[in-house]
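Right, one structure below, let's go through it.
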Amino acid sequence: MPINFSKPLIWKDGILEILDQRRLPEEVIWISCLTPEDVAIAIKEMAIRGAPAIGVAAGYGVALASNPISAIEVLKNTRPTAKNLFYALDKMKKGIEEKKDLLSLAKSIEAEEEKRCLKIAEYGLSLIKDGSSLLTHCNTGPLATAGIGTALGPILLAKDMGIAIKVFATETRPVRQGSRLTMWELKKADISAILIADTAVGYIMNKGLVDAVFVGADRIVKNGDTANKIGTYQIAVLARFHKIPFYVVAPSSTIDIDCPGGNKIVIEERPKKEVTTFNFDCLNPAFDVTPASLITKIITEDGIFEPQKITEDYRE
Ligand code: MRU
């Protein structure tokens with residue numbers, strides 16, 4: 015794979031270095047994490063974010079601990095919605111029980127996610143037509159994954175293969191992952207990218223400017239309902255209205271086979287200061303749930319799935 019991408023975290027000499035995504039794109043600053051608590055703060059305060067990336071960071075957080083079992087508890091209580099965090103922590107817990115080397119285990123979680131992203135990109139590529147215009151929401155590239163990306167993976171691969179594409183990136187209020195991180199990654203990859211306000215999605219769809227939507231996921235549950243960044247649901251509704259395919263792109267580590275439906279997903283609520291500096295009452299959900307019925311296909315490292323049937327195919 016010839017594509018170059020930068021990692022949001024690096025393990026170096028017993029320290030986990032995390033790229034502070036809150037400062038991007040203005041400043042490139044790394045945070046040195048020496049303890050699981052440092053990693054937990056970086057996850058909770060979104061210095062590192064994106065479902066697979068927080069799972070990978072949490073794995074290293076456990077490897078940093080003198081008491082790995084209590085580190086798991088600390089890291090569990092950071093962000094509730096992304097399944098990948100709990101997937102990685104379950105793996106680390108099993109590793110503790112089996113007396114495995116925890117650093118090697120954390121490294122293997124990172125390597126697995128990187129491999130998954132590549133497979134996802136290859137499957138997703140088959141859904142991208144030459145000359146098409148795609149819409150994406152939030153940030154799903156290397157910064158969010160520790161690999162080539164989820165929804166952004168096929169897009170980066172398409173560019174690498176010389177397929178002509180244009181990408182509309184939503185701003186993604188309130189944290190602006192789209193305007194700060196996705197635009198940064200798309201520009202670095204020299205992809206034709208246009209930033210829009212979240213409120214402009216209906217406008218550009220109505221004008222016929224969007225051929226397909228590619229988004230990531232934080233949790234995909236048994237019936238195919240999918241939690242992703244707040245605003246995803248309204249994009250899916252608009253895509254259905256305008257008869258535009260809506261693709262969810264995620265690794266299998268995002269799938270929660272034990273959760274029966276989207277109404278059971280715990281949605282993280284974030285501080286109101288992300289939305290307003292005034293002392294107003296404010297609701298700031300970080301994610302919403304898109305019902306399976308609005309999703310055209312789900313793409314994982316194992317193939318392209320009908321949303322309602324995804325967990326049938328993943329049942330052990
Ligand atoms: O709050 P964030 O920035 O962690 O939310 C990220 C997203 O919602 C992404 O779309 C999702 O994690 C999938 S991408 C890898």
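Position 55 (the sequence shown) corresponds to 69 in the working numbering; numbering is contiguous.
Every residue, glycine too, gets a C-beta built ideally from N, C-alpha and C.
Because the structure is a prediction, the values reported are computed rather than measured.
Check                                                                                                                                                                      : Outcome
So, with DSSP's three-state summary, where would you put residue 233?                                                                                                      : strand
Look at residue 139 and residue 172 and say whether their C-beta atoms are less than 9 Å apart.                                                                            : yes
Quick one: measure Cβ to Cβ for residue 107 and residue 86, integer angstroms, because I've assumed they're closer than 8 Å.                                               : 6 Å
Residue 205 lies in the alpha helix (DSSP H); which residues open and close that run?                                                                                      : Element bounds for residue 205: n/a, residue is neither H nor E.
Below 6 Å CB to CB, which residues in the same chain sit around residue 110 once its five sequence neighbours on both sides are set aside?                                 : 82
Could you tell me the boundaries of the beta strand (DSSP E) in which residue 189 lies?                                                                                    : Residue 189 -> no beta strand (DSSP E), and no H or E assigned at all.
Around the C-beta of residue 217, are 16 or more other C-beta atoms found within 10 angstroms, so that it is buried, or is it exposed?                                     : exposed
Among residues of its own chain, excluding the 5 on either side of residue 15, which ones have a beta-carbon nearer than 7 Å to its beta-carbon?                           : Since pLDDT at residue 15 reaches only 45, below the 50 mark, its modelled position is unreliable, and the value read off the structure follows with that caveat. If we look at residue 15 and ignore the five residues flanking it on each side, its Cβ neighbours are 132.
If we count Cβ pairs, one from each stretch, closer than 8 Å, do we get three or more for the stretch 194-209 versus the stretch 179-186?                                  : yes
Taking the straight line between their C-alpha atoms, what separation do you get for residue 321 and residue 97?                                                           : 17 Å
Using the C-alpha atoms, what's the distance from residue 308 back to residue 275?                                                                                         : 14 Å
Would you call the stretch 200-220 and the stretch 47-56 touching, i.e. three or more CB-CB distances under 8 Å?                                                           : no
What I want to know is whether the C-beta of residue 232 ends up closer than 8 Å to one or more non-hydrogen atoms of ligand 1.                                            : yes
For the pair the stretch 140-151 and the stretch 218-226, tell me if three or more CB-CB distances fall below 8 Å.                                                         : yes
For the stretch 276-295 and the stretch 234-241, state whether three or more C-beta atom pairs, one from each stretch, are separated by less than 8 Å.                     : yes
Regarding residue 321 and ligand 1, is the C-beta to nearest heavy atom distance less than 8 Å?                                                                            : no
Under 6 Å Cβ to Cβ from residue 312, same chain only, skipping five residues before and after it: list those, please.                                                      : 262, 319, 321 and 324
When the Cα of residue 258 is compared with those of 236, 219, 264 and 248, which residue comes out closest?                                                               : 219
Pick out the complete alpha helix (DSSP H) segments inside the stretch 33-98, 4 residues or longer, and give them in chain order.                                          : 50-58, 65-77 and 82-90
Between 63, 77, 70 and 291, which has its C-alpha nearest residue 29's C-alpha?                                                                                            : 77
Would you kindly check if the distance between the Cβ of residue 269 and the Cβ of residue 302 is under 9 Å?                                                               : no
Return the chain-ordered list of same chain residues with a C-beta closer than 8 Å to the C-beta of residue 266, the five sequence neighbours on each side being excluded. : 130, 314, 315, 316 and 328
Determine, using beta carbons only, whether residue 69 and residue 127 come nearer to each other than 9 Å.                                                                 : yes
When DSSP builds the beta bridges, which residues end up paired with residue 241?                                                                                          : 233 and 303
Flag residue 314 as yes when its Cβ comes closer than 8 Å to any non-hydrogen atom of ligand 1, and as no otherwise.                                                       : no
Taking the alpha-carbon of residue 63 as reference, which of 141, 245 and 190 has the nearest alpha-carbon?                                                                : 190
Hey, is residue 260 close to ligand 1, as in C-beta under 8 Å from one of its heavy atoms?                                                                                 : no
Just to confirm, does residue 243 get its C-beta within under 8 Å of one of the non-hydrogen atoms of ligand 1?                                                            : yes
Could you check whether residue 155 and residue 167 sit closer than 9 Å to each other, using their CB atoms as the reference points?                                       : yes
In the DSSP assignment, the beta strand (DSSP E) including residue 260 goes from what residue to what residue?                                                             : 260-263
I'd like to check one pair, residue 283 with residue 11: are the Cβ atoms closer than 9 Å?                                                                                 : This structure cannot settle anything about residue 11, because the visible part of the chain is limited to 15 through 330.
Using the DSSP secondary-structure output, state which residues sit across from residue 317 in a beta bridge.                                                              : 314
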